[in-house]
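**Q** Numbering (the working numbering), first residue to last: 0 to 727. Glycine included, each C-beta is placed from N, C-alpha and C at the ideal position. Remember, predicted model here, so these are calculated numbers, not experimental data. Take this structure first; my questions come after.
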Ligand SMILES: [Cu+2]
């Protein structure tokens, strides 16, 4: 019997901390975070790989030190089974210092040829229990053994509870694919969710691609060539396998990718660093193995027995080590913060561990897509509207300078976190565990520090191209938007249910962008008629975002859920215009009325996607302007740069300016003259995706495909500088 599904409208149910609701990980017993010593191991350095030369990375299963020395026995460093990207073709048989990395250092306009080999083996023989015990075959997922025609998927079995066979973990060859997050790359090599390939080489998603003459069916290899044409930026790479990303990234598949530009002398290149700080929350069992809850026993989800709405761990790891310390001299350092967590948001600041005095400040000099125009001070001692904490959601990066100058050797600083989870209105974090990220230990050294000083306020770069004006919170002068989209974020709840004679209120079933399943399926089980059906490799999907290359669009994302979501667009760096509150309850009443009063969820927006509403916006939703409350708020100073992932607060409309063209083109470039140096529509016509970067959400439908239409006035793909394949 089909359970009642309904929209969650800002209810308490939408905020479901799983803390305490620990499902049995097939016999794994969670390790108390209070039993783990803090700040005994130094921060692992990450391997550096030269991206100006061909790069080969192998996805491997191996043991690494993740828990601190002494967790279980004095002086003994625990070993944890993990996955990671290993430079070269050989998987290690010795215990590694970290699972994270490497850092690929690329140069602007020097393409990087990257070969990725999947040697992860079979789930049945994997030692990574967090993966083995938590896969969920009822999700729309890679599903290698069924060749993507997933007989367990709810998308094909609407209203039918999973069979016993589907309600089991997956045992087959492990699928994986590498996505270059923030990379301005052709769609074939974007490493999107359908481009996965298995370790045995026998199965590939319909979006799989490898450069001509490389990889291909029967291999466990994909070869890409990243153009690196964008501005210098701290981008990163991680697994993106459809419906299994949360577990693959959790197991360890993430690294950093720096685009550098030796010819740019305006950047602060004389600082120590950059030192990557990849922050991830983790849980362990009493044997020191990674633990990932499978299902929520307090609120069972009959449709997806093992998926959980949001994973939040009870320990914090930086660069793959739980609660490390880092020695620093009393001088300036540059750090690259990456939130590589599944779902946890951080609000970061420094305090003196002894005196508890707050500071020194963090100086943010760059965002996801490159340098800010000027450094932004984030000072815990600031007052009023000034930034006090570095707020960073999953997928976001921050390029930051910390000045330890003047601190006495022996000083201990704590990097602290006070973000509630789910963000922003969930549980307060425990100040002794999740409130602590890293310890800085000031040691003697240095001398005069002649490096770039952000406190001097000097410009970081020549002024960036502005699509949005961060002062007025409007489009920048001279920028013309050809299209406006209004799209919603929706949470779908299970109705009340009874399991084993016990009544439950119901819980989250899936989370959606624009209320639409990945497939674009309508209520009748077919692709919605207002979507465009595109078939690739025998798989038909309904596309609704078909932007035209060169055009600028305003996306107004209407967050009807109770939580913040970090929305990420592939291909483009965009700019935040503003955020504005709206009356969610009244809007959702109108929304339900548009459905005829009975909301059936997961089947798309209530109206025809392509007919503009009263706000002149496509997207199929009632106009939001009658429900807006208060003024629109311009971006924070440290958000006023290129972003590929941005926070959408609950109860707010977040507006972003998206230009489907390279970021370095002048803002007033006519749409007809703006185009990529490569073919953004792609040989496969499969496109890119946009999604929530809470990985548990993107794994359960909070992701949609998009396909860029070629600018008719631009050169044909064969005439562009970067032709597909191995030509560049
Ligand atoms: Cu989300």
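Please report the distance separating the alpha-carbon of residue 353 from that of residue 411.
**A** Those two C-alpha atoms are separated by around 7 Å.
**Q** By Cβ distance, which residues of its chain are closer than 6 Å to residue 166, with the 5 residues on each side in sequence left out?
**A** So the list reads 304, once near-sequence residues are dropped.
**Q** I think residue 563 touches residue 344, with their Cβ atoms under 8 Å apart; what is that distance to the nearest whole Å?
**A** At roughly 7 Å, the Cβ-Cβ gap stays under 8 Å, so residue 563 and residue 344 are in contact.
**Q** Ordered along the chain, which non-local residues of its own chain (more than five positions away) have a Cβ less than 8 Å from that of residue 109?
**A** The residues are 50, 51, 227.
**Q** For ligand 1, is there a heavy atom less than 7 Å away from the beta-carbon of residue 702?
**A** Not so, every heavy atom of ligand 1 lies at least 7 Å from the Cβ.
**Q** What three-state label does DSSP hand residue 369 in the structure shown?
**A** In this structure, residue 369 counts as strand in the three-state DSSP scheme.
**Q** Is residue 210 near residue 104, with beta carbons less than 8 Å apart?
**A** No.
**Q** Since residue 685 and residue 535 should fall inside the 8 Å C-beta cutoff, what is the C-beta to C-beta distance between them, to a whole number of angstroms?
**A** That belief holds up - the Cβ atoms of residue 685 and residue 535 are roughly 5 Å apart, short of 8 Å.
**Q** Can you say whether residue 470 is buried or exposed, counting buried as having 16 or more other CB atoms within 10 angstroms of its CB?
**A** Exposed, since its Cβ has fewer than 16 Cβ neighbours within 10 Å.
**Q** Ligand 1 and residue 165: does any heavy atom of the ligand fall closer than 7 Å to the residue's C-beta?
**A** Residue 165 Cβ: outside cutoff for every heavy atom of ligand 1.
**Q** Under DSSP, the alpha helix (DSSP H) around residue 207 begins and ends at which residues?
**A** Counting along the chain, residue 207 falls outside any alpha helix (DSSP H), and DSSP gives it neither H nor E.
**Q** Please classify residue 1: does DSSP put it in a helix, a strand, or coil?
**A** Interpretation of residue 1 is limited by its pLDDT of 33, a score under 50 that renders its predicted location unreliable; the figure taken from the coordinates is listed afterwards. Three-state result, residue 1: coil.
**Q** If we require 3 or more residues per run, which beta strand (DSSP E) segments fall completely within the stretch 611 to 693?
**A** Counting only runs of 3 or more, we get 627 to 632, 644 to 647, 651 to 658, 687 to 691.
**Q** Expressed to the nearest angstrom, what Euclidean distance is found between the alpha-carbon atoms of residue 252 and residue 300?
**A** Answer to the nearest angstrom: the Cα atoms are 28 Å apart.
**Q** One question on the structure: do residue 438 and residue 413 come within less than 8 Å of each other, judged by their Cβ atoms?
**A** It is a contact, given that the beta carbons lie within the stated cut-off.
**Q** Output the distance between the C-alpha atoms of residue 398 and residue 272, rounded to the nearest integer angstrom.
**A** Whole-angstrom Cα-Cα distance: 11 Å.
**Q** CB-CB under 6 Å to residue 238, same chain, minus the five flanking residues each way: which ones, in chain order?
**A** For residue 238, where only same-chain residues beyond five positions count, the Cβ hits under 6 Å are 175, 244, 247, 248, 252.
**Q** Tell me the rounded alpha-carbon separation between residue 324 and residue 356.
**A** So the alpha carbons of these two residues sit roughly 19 Å apart.
**Q** Would residue 328 and residue 445 be called neighbours here (beta carbons separated by less than 8 Å)?
**A** Yes, the pair counts as a contact, with Cβ atoms nearer than the cut-off.
**Q** When every heavy atom of ligand 1 is checked, does at least one fall within less than 7 Å of the C-beta of residue 139?
**A** False, no ligand heavy atom lies under 7 Å from that Cβ.
**Q** I'd like to know whether the C-beta atoms of residue 425 and residue 419 end up nearer to each other than 8 Å.
**A** Yes, the Cβ-Cβ distance between residue 425 and residue 419 is below 8 Å.
**Q** Please go through the same chain and pick out, in chain order, the residues whose beta-carbon is closer than 7 Å to the beta-carbon of residue 218, but skip the five residues on each side of it.
**A** Hits under 7 Å: 200.
**Q** Under the criterion of a Cβ to heavy atom distance below 7 Å, does residue 693 qualify as lining ligand 1?
**A** Because some heavy atom of ligand 1 lies under 7 Å away, the Cβ of residue 693 counts as near it: yes.
**Q** For residue 95, does the count of other Cβ atoms within 10 angstroms reach 16, so buried, or fall short, so exposed?
**A** When all chains shown are included, residue 95 counts as buried.
**Q** For the 8 Å Cβ check, are there 3 or more pairs between the stretch 507 to 515 and the stretch 642 to 657?
**A** The stretch 507 to 515, when compared against the stretch 642 to 657, does not touch it at the 8 Å Cβ threshold.
**Q** If you drop the 5 nearest sequence neighbours on each side, which residues of the same chain put their C-beta closer than 8 Å to that of residue 726?
**A** The predicted position of residue 726 is uncertain, since its pLDDT is 49 and thus under 50; a value taken from the coordinates is nonetheless stated next. Nothing meets the Cβ criterion.
**Q** For residue 197, which residues from the same chain have a beta carbon less than 6 Å from its beta carbon, with the 5 sequence-adjacent residues on both sides left out?
**A** Same-chain partners within the cutoff: 143, 172, 174.
**Q** Name the DSSP bridge partner or partners of residue 59?
**A** Paired residue(s): 83.
**Q** Give the list of continuous beta strand (DSSP E) stretches no shorter than 3 residues that lie fully inside the stretch 303 to 360.
**A** Here the runs fully enclosed are 314 to 317, 324 to 327, 331 to 338, 345 to 351.
**Q** Beta carbon of residue 510: closer than 7 Å to some heavy atom of ligand 1?
**A** Answer for residue 510: yes, Cβ within range of ligand 1.
**Q** Suppose you measure from the CA of residue 673 to the CA of residue 661; what does that come to, to the nearest Å?
**A** Cα-Cα distance, rounded: 8 Å.
**Q** Using only alpha-carbon positions, find the residue among 569, 435, 381, 649 that is nearest to residue 351.
**A** Cα-wise, what sits closest to residue 351 is 435.
**Q** Could you check the C-alpha separation between residue 708 and residue 681 for me, to the nearest Å?
**A** C-alpha separation (whole angstroms): 9 Å.
**Q** Could you tell me the boundaries of the alpha helix (DSSP H) in which residue 584 lies?
**A** Residue 584 -> alpha helix (DSSP H) spans 583 to 593.
**Q** Count the other CB atoms within 10 Å of the CB of residue 428; is the residue buried (16 or more) or exposed (fewer)?
**A** Buried, by the Cβ-count rule.
**Q** Give the C-beta separation of residue 234 and residue 182 to the nearest angstrom, bearing in mind that I take them to be a contact with Cβ-Cβ under 8 Å.
**A** Yes, they are in contact, since the Cβ atoms of residue 234 and residue 182 sit about 6 Å apart, within 8 Å.
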